[in-house]
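Written below as structure tokens is the structure these notes are about.
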Ligand SMILES: NC(=O)c1ccc[n+]([C@@H]2O[C@H](COP(=O)([O-])OP(=O)(O)OC[C@H]3O[C@@H](n4cnc5c(N)ncnc54)[C@H](O)[C@@H]3O)[C@@H](O)[C@H]2O)c1
């Protein structure tokens, strides 16, 4: 479905990002595997190359403009166009609001939200018609979670960015959408058994999500089957936020 396309996936070293990179590669898409962690980035890169598509691994802290510019430069040297940008990198450190420092706030907002401004601006500049930007938001953009005031704010910001950028890029036939995952089992979202059972009780489908559940939605939004969808946030949560 995505032959002759090239995608950048940020935060692709593990978890949802890795799932997305693998799923896109299985559709024949060339992949730029990017992560702040060189080791896990190289591991995903090794898996992707086995799938027979072209790939490179580029270490990048998406919250830093100089590193994003470098990513853009390295990618342009290897591929003549980037069709798909998946902004997945994100962090979710629990901090009670009363103890939240300015540094805590800035770090979460910079990695989860400012990064999407930086990468989207750098990469969309030379994106061809039919290009797709897919941002990973969260159900936390719609409902509140104690200990995650900064995170909830950052993800609500992502949804706003998606709507406004979709308007600006529509004349160039570039679509901008988001996927809002519910509770997905990843290395970053590890929880103890008690917390997991409490979460499961709130999910109508009675199972945790897998990276593939998010990746399948991203593949659709990255393909031409979603050409008439832009500025939307698609919730993938097993029904968690329905009540
Ligand atoms: N797991 C969930 O339940 C869940 C739910 C809703 C939304 N999300 C969102 O999905 C995305 C992925 O989450 P995950 O659960 O796979 O997390 P994870 O911690 O397992 O993986 C995140 C990856 O992002 C990378 N990363 C962190 N900071 C970075 C930076 N500054 N620059 C580049 N890469 C960076 C990490 O090295 C890691 O490889 C995040 O945006 C997260 O907010 C996750």
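Residue numbers (our numbering): 606 to 848. The C-beta atom is built at its ideal place from N, Cα and C for all residues, glycine as well. The structure presented is a predicted model; accordingly, all values stated were derived computationally and were not measured.
I'd like the span of the beta strand (DSSP E) that includes residue 660, first residue to last.
Looking up residue 660 in the chain shown gives position 55. Its beta strand (DSSP E) spans residues 660-664.
Please report the residue range of the alpha helix (DSSP H) in which residue 647 lies.
As a first step, residue 647 is located in the chain shown; it is residue number 42 there, counting from the start. Looking at the DSSP string, the run of the alpha helix (DSSP H) that includes residue 647 is 643-654.
From the DSSP output, in three-state form, read off residue 690 for me.
Within the chain shown, residue 690 is the residue found at index 85, counting from 1. Correct three-state label for residue 690: strand.
Taking 7 Å as the line, does the beta carbon of residue 642 fall inside it for any heavy atom of ligand 1?
Mapped onto the chain shown, residue 642 falls at position 37. Within the cutoff, so yes.
How many angstroms separate the CA atom of residue 701 from the CA atom of residue 797?
Counting from 1 along the chain shown, the entry for residue 701 is found at position 96. Counting from 1 along the chain shown, the entry for residue 797 is found at position 192. Residue 701 and residue 797: Cα-Cα distance of roughly 19 Å.
In terms of residue numbering, what span does the beta strand (DSSP E) encompassing residue 841 cover?
To locate residue 841, count along the chain shown from 1; it is residue 236. Run containing residue 841: 838-841, per the beta strand (DSSP E) assignment.
Where are the alpha helix (DSSP H) runs, 4 residues long or more, that stay fully inside the segment 678-759, in chain order?
Counting only runs of 4 or more, we get 707-714 and 720-729.
Is the Cβ-Cβ distance between residue 713 and residue 740 less than 8 Å?
Looking up residue 713 in the chain shown gives position 108. Looking up residue 740 in the chain shown gives position 135. Going by C-beta atoms, residue 713 is not nearer than 8 Å to residue 740.
For residue 773, which of 729, 800 and 636 has the nearest alpha-carbon?
By one-based count along the chain shown, residue 773 stands at place 168. The shortest C-alpha separation from residue 773 is found at 729.
When DSSP labels each residue in this structure, what does residue 844 get in the three-state scheme?
The count along the chain shown starts at 1 and reaches residue 844 at position 239. In this structure, residue 844 counts as coil in the three-state DSSP scheme.
Just reading off the alpha helix (DSSP H) that residue 816 is part of, what are its end residues?
Residue 816 sits at position 211 when you count from the first residue of the chain shown. 816-827 is the extent of the alpha helix (DSSP H) around residue 816.
Measure from the alpha carbon of residue 770 to the alpha carbon of each residue in 685, 835 and 671, then state which is nearest.
Indexing the chain shown from 1 puts residue 770 at position 165. Among 685, 835 and 671, the Cα nearest to that of residue 770 is on 835.
By the DSSP assignment, the alpha helix (DSSP H) with residue 800 in it spans what residues?
Stepping through the chain shown from its first residue, residue 800 is reached at position 195. Its alpha helix (DSSP H) spans residues 798-807.
In whole angstroms, give me the CA-to-CA distance for residue 803 and residue 848.
By 1-based counting over the chain shown, the position of residue 803 is 198. By 1-based counting over the chain shown, the position of residue 848 is 243. Their backbone Cα atoms lie some 15 Å apart in a straight line.
Which residue comes first and which comes last in the beta strand (DSSP E) that contains residue 834?
Start at 1 with the first residue of the chain shown, and residue 834 comes out as number 229. Unbroken run through residue 834: none, as it is neither H nor E.
Look at the Cβ atom of residue 841, then the Cβ atom of residue 792, and state whether they are nearer than 8 Å.
Working through the chain shown from its first residue, we reach residue 841 at position 236. Working through the chain shown from its first residue, we reach residue 792 at position 187. For residue 841 and residue 792, no; Cβs fall outside 8 Å.
If we count Cβ pairs, one from each stretch, closer than 8 Å, do we get three or more for the segment 681-697 versus the segment 648-657?
no
Going straight from the alpha carbon of residue 705 to that of residue 757, what length do you get?
Numbered from its first residue, the chain shown carries residue 705 at position 100. Numbered from its first residue, the chain shown carries residue 757 at position 152. Going from the Cα of residue 705 to the Cα of residue 757 covers about 14 Å.
With 16 other CB atoms within 10 Å as the buried threshold, where does residue 609 fall?
In the chain shown, the residue the question calls residue 609 occupies position 4. By the neighbour-count rule (16 or more Cβ atoms within 10 Å), residue 609 is not buried but exposed.
Sort out for me which residues DSSP pairs residue 782 with in a bridge.
One-based indexing of the chain shown puts residue 782 at position 177. DSSP lists 739 as partners of residue 782.
Shortest alpha-carbon distance to residue 639 belongs to which of 695, 685 and 606?
Along the chain shown, one-based indexing puts residue 639 at 34. Measuring from the Cα of residue 639, the nearest candidate turns out to be 695.
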